[in-house]
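Enquirer:
In the numbering used here, the protein residues as written are 16 to 376.
So, in structure tokens, the structure goes:
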């Protein structure tokens, strides 16, 4: 969250003042004045934070503070995939735990204000590591320590008792894995714009072999990876876990399977070079292997990791669907920032690897 690409201001002047796409500063300023007057004291400035591939994120300067605003993407939005109230709820609940999250400041569910629901959170100092240009200068020790901090943070999340933080009703753990398959199959159908060989076979194979889910009932992030963390490298630390839009109660192995999809499937293949979601990740970038990550996580969490091949296959299917949805929005001109033109190329290799994984290979 460190690369503002668009910088505009609003000082209550003429209606023609420029505004960043997806953020109506005039309406936002009026809403803040009505709900949090101290945040509307003085000029309101906003910059689009680039690098994300889903929800839109802006840095706001308001009332002498720096805050971050999150809203869904423009145009084609998959149902339940960009739930701002959900993100706001979970980071507020996790504030007193060992899981580092930004402060939840304010939620607006009225789409009339800026065109979509949004929420405000505190800005946390740190860097999002997502490219080899960022990770190559790190020492071997820093890469190892970052990987361990990433896994220790995931273990901390999965050991939080949902009931103790007010999230007992945050999701329905029973049948979670089967619902995941059906949910992402439905998202796929709403994002189809071209032929995708093997994707229906992968969907059917997952649906026919859903495991018991003995670990169900933990808080699941839904898209846990290195570049959804704000980190520091001197000293190495995880300052905040970001992007909680798909969080729920479910099986923690779903988080682990998706992380390994980013780490080993994408991060240790030719797909990694210059890839907008895996360029700085995985063994090819000098980080520990997926097997080492699993061992670290199992030691810290006490979760029985068991056979992960089904969860890895689910991770491949889920990421393929996400990438296809982003590809579809890109073809419609509804993405902001760069790096979207290659997202669609990832779908077929992910499907192929998912098919191998679901067969136990």
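Even for Gly, the Cβ is constructed at its ideal location relative to N, Cα and C. Remember, predicted model here, so these are calculated numbers, not experimental data.
Thinking C-beta only, is residue 318 closer than 8 Å to residue 214?
Expert: Here residue 214 is taken as the residue at index 199 of the chain shown, counted from 1. Here residue 318 is taken as the residue at index 303 of the chain shown, counted from 1. Cβ atoms of residue 214 and residue 318: not closer than 8 Å.
Enquirer: Using the three-state DSSP reduction, which class does residue 255 fall into: helix, strand or coil?
Expert: The residue labelled residue 255 in the question sits at position 240 within the chain shown. Residue 255: strand per DSSP, three-state reduction.
Enquirer: Comparing the C-beta of residue 141 with each C-beta of chain C, is any distance below 8 Å?
Expert: Within the model displayed, chain C is absent; a lone protein chain is all it includes.
Enquirer: What are the start and end residues of the alpha helix (DSSP H) that includes residue 275?
Expert: Translated into positions along the chain shown, residue 275 becomes position 260. Note, residue 275: alpha helix (DSSP H), 268-275.
Enquirer: What do you get for residue 314, buried or exposed, if any count of 16 or more other CB atoms within 10 angstroms of its CB means buried?
Expert: Counted from its first residue, the chain shown places residue 314 at position 299. By the 10 Å Cβ count, residue 314 comes out exposed.
Enquirer: Starting from residue 332, follow the alpha helix (DSSP H) in both directions and report where the run begins and ends.
Expert: On the chain shown, position 317 is the one that residue 332 refers to. First-last of the alpha helix (DSSP H) with residue 332: 324-346.
Enquirer: Just to confirm, is the Cβ distance from residue 253 to residue 246 under 8 Å?
Expert: Against the chain shown, residue 253 aligns to sequence position 238. Against the chain shown, residue 246 aligns to sequence position 231. Yes. Within cutoff.
Enquirer: Given residue 48, which residues of its chain have a CB within under 7 Å of its CB, disregarding the five upstream and five downstream residues?
Expert: Translated into positions along the chain shown, residue 48 becomes position 33. 55.
Enquirer: What are the boundary residues of the beta strand (DSSP E) that includes residue 72?
Expert: Translated into the one-based positions of the chain shown, residue 72 becomes position 57. Element bounds for residue 72: 71-77.
Enquirer: Do the stretch 226-235 and the stretch 203-218 meet, that is, are 3 or more Cβ pairs less than 8 Å apart?
Expert: With the cut-off at 8 Å, the stretch 226-235 and the stretch 203-218 do not touch.
Enquirer: State the Cα-Cα distance for the pair residue 302 and residue 237, rounded to the nearest angstrom.
Expert: For this step, residue 302 is matched to residue 287 along the chain shown. For this step, residue 237 is matched to residue 222 along the chain shown. Straight-line Cα distance between these residues: approximately 22 Å.
Enquirer: Who does residue 142 pair with in a DSSP beta bridge?
Expert: Looking up residue 142 in the chain shown gives position 127. DSSP, once it has assigned bridges, lists 246 as partnering residue 142.
Enquirer: If you check the beta carbons only, do residue 172 and residue 114 fall under 8 Å apart?
Expert: Position 157 of the chain shown, counting from 1, holds the residue named residue 172. Position 99 of the chain shown, counting from 1, holds the residue named residue 114. The answer is yes: Cβ separation under 8 Å.
Enquirer: What residue does the beta strand (DSSP E) around residue 260 start on, and which one ends it?
Expert: The residue you call residue 260 lines up with position 245 of the chain shown. It is not in any beta strand (DSSP E) - residue 260 carries neither H nor E in the DSSP assignment.
Enquirer: Quick check: the Cα distance between residue 369 and residue 327, rounded to an integer number of angstroms?
Expert: If you number the chain shown from 1, residue 369 lands on position 354. If you number the chain shown from 1, residue 327 lands on position 312. Straight-line Cα distance between these residues: approximately 7 Å.
Enquirer: Could you pull out every unbroken alpha helix (DSSP H) segment of at least 4 residues lying fully inside the stretch 137-216, listed in chain order?
Expert: Listed in chain order, they are 147-150, 155-173 and 191-206.
Enquirer: Are the Cβ atoms of residue 82 and residue 38 separated by less than 8 Å?
Expert: As a first step, residue 82 is located in the chain shown; it is residue number 67 there, counting from the start. As a first step, residue 38 is located in the chain shown; it is residue number 23 there, counting from the start. Contact: no.
Enquirer: Give me the Cα-Cα distance between residue 204 and residue 336, rounded to the nearest whole angstrom.
Expert: Here the question's residue 204 lines up with position 189 in the chain shown. Here the question's residue 336 lines up with position 321 in the chain shown. Near 9 Å, if we compare the C-alpha coordinates of residue 336 and residue 204.
Enquirer: Determine the DSSP secondary structure at residue 86, reduced to helix, strand or coil.
Expert: Here residue 86 refers to the residue found at position 71 of the chain shown. Residue 86: strand per DSSP, three-state reduction.
Enquirer: Could you please give the first and the last residue of the uninterrupted beta strand (DSSP E) stretch that includes residue 233?
Expert: Taking the chain shown and counting its residues from 1, one reaches residue 233 at position 218. That run of the beta strand (DSSP E) goes 233-235.
Enquirer: Determine the direct distance from the alpha carbon of residue 105 to that of residue 322, and round the result to whole angstroms.
Expert: In the chain shown, counting from the first residue as 1, residue 322 sits at position 307. In the chain shown, counting from the first residue as 1, residue 105 sits at position 90. If you take the alpha carbons of residue 322 and residue 105, they lie about 29 Å apart.
Enquirer: Among 240, 202, 109 and 192, which has the Cα closest to the Cα of residue 226?
Expert: The sequence position of residue 226 within the chain shown is 211, counting from 1. Considering only alpha carbons, the answer is 192.
Enquirer: When the Cα of residue 376 is compared with those of 280, 297, 362 and 310, which residue comes out closest?
Expert: Locating residue 376 in the chain shown gives position 361, where the first residue counts as 1. Checked all of 280, 297, 362 and 310; the closest Cα to residue 376 is 280.
Enquirer: If I follow the unbroken beta strand (DSSP E) through residue 122, where does it start and stop?
Expert: By one-based count along the chain shown, residue 122 stands at place 107. Start and end: 119-123.
Enquirer: Express the C-alpha separation of residue 187 and residue 52 in angstroms, rounding to a whole number.
Expert: Taking the first residue of the chain shown as position 1, residue 52 is located at position 37. Taking the first residue of the chain shown as position 1, residue 187 is located at position 172. Using only the alpha carbons, I get a separation of about 38 Å.
Enquirer: Assuming residue 73 contacts residue 89 under a Cβ cut-off of 8 Å, what Cβ separation, rounded to an integer in Å, is found between them?
Expert: Numbered from 1 along the chain shown, position 58 holds the residue referred to as residue 73. Numbered from 1 along the chain shown, position 74 holds the residue referred to as residue 89. Actually they are not in contact, since the Cβ atoms of residue 73 and residue 89 sit about 13 Å apart, beyond 8 Å.
Enquirer: Can you list, in chain order, the residues of its chain whose CB lies under 6 Å from that of residue 334, leaving out five sequence neighbours each side?
Expert: The residue you call residue 334 lines up with position 319 of the chain shown. So the qualifying residues of the chain are 276 and 365.
Enquirer: With a threshold of 7 Å on Cβ separation, who are the neighbours of residue 91 within its own chain once the five nearest residues in sequence on each side are excluded?
Expert: Along the chain shown, one-based indexing puts residue 91 at 76. Interpretation of residue 91 is limited by its pLDDT of 42, a score under 50 that renders its predicted location unreliable; the figure taken from the coordinates is listed afterwards. Contacts found: 343, 344, 347 and 349.
Enquirer: Kindly confirm or deny that the stretch 266-274 and the stretch 128-142 touch, where touching means at least three C-beta pairs closer than 8 Å.
Expert: Touching, no.
Enquirer: Between the alpha carbons of residue 166 and residue 239, how many angstroms are there, rounded?
Expert: On the chain shown, residue 166 is found 151 positions in, with the first residue counted as 1. On the chain shown, residue 239 is found 224 positions in, with the first residue counted as 1. Those two C-alpha atoms are separated by around 10 Å.
Enquirer: Given this structure, state the Cα-to-Cα distance separating residue 93 from residue 363, to the nearest angstrom.
Expert: Position 78 of the chain shown holds residue 93. Position 348 of the chain shown holds residue 363. Only weak support exists for where residue 93 lies, its pLDDT of 44 falling under 50; the value from the coordinates is given anyway. Taking the straight line from one Cα to the other gives about 21 Å.
Enquirer: Where does the unbroken alpha helix (DSSP H) through residue 306 begin, and where does it stop?
Expert: Stepping through the chain shown from its first residue, residue 306 is reached at position 291. Unbroken alpha helix (DSSP H) run through residue 306: 305-316.
Enquirer: For a test of the three-state rule: what should DSSP assign to residue 51, helix, strand or coil?
Expert: Working through the chain shown from its first residue, we reach residue 51 at position 36. Three-state DSSP puts residue 51 in coil, outside helix and strand.
Enquirer: Pull up the CB-CB distance for residue 102 and residue 259, whole angstroms please, since I reckon it's below 8 Å.
Expert: Position 87 of the chain shown holds residue 102. Position 244 of the chain shown holds residue 259. Rounded, the Cβ-Cβ distance is 4 Å, consistent with contact.
Enquirer: Who are residue 265's beta bridge partners in DSSP?
Expert: Taking the chain shown and counting its residues from 1, one reaches residue 265 at position 250. DSSP output for residue 265 lists 233 as bridge partner(s).
Enquirer: Look at the alpha carbon of residue 372 and the alpha carbon of residue 325, and state the distance between them as a whole number of angstroms.
Expert: Translated into positions along the chain shown, residue 372 becomes position 357. Translated into positions along the chain shown, residue 325 becomes position 310. Distance between the alpha carbons of residue 372 and residue 325: 7 Å.
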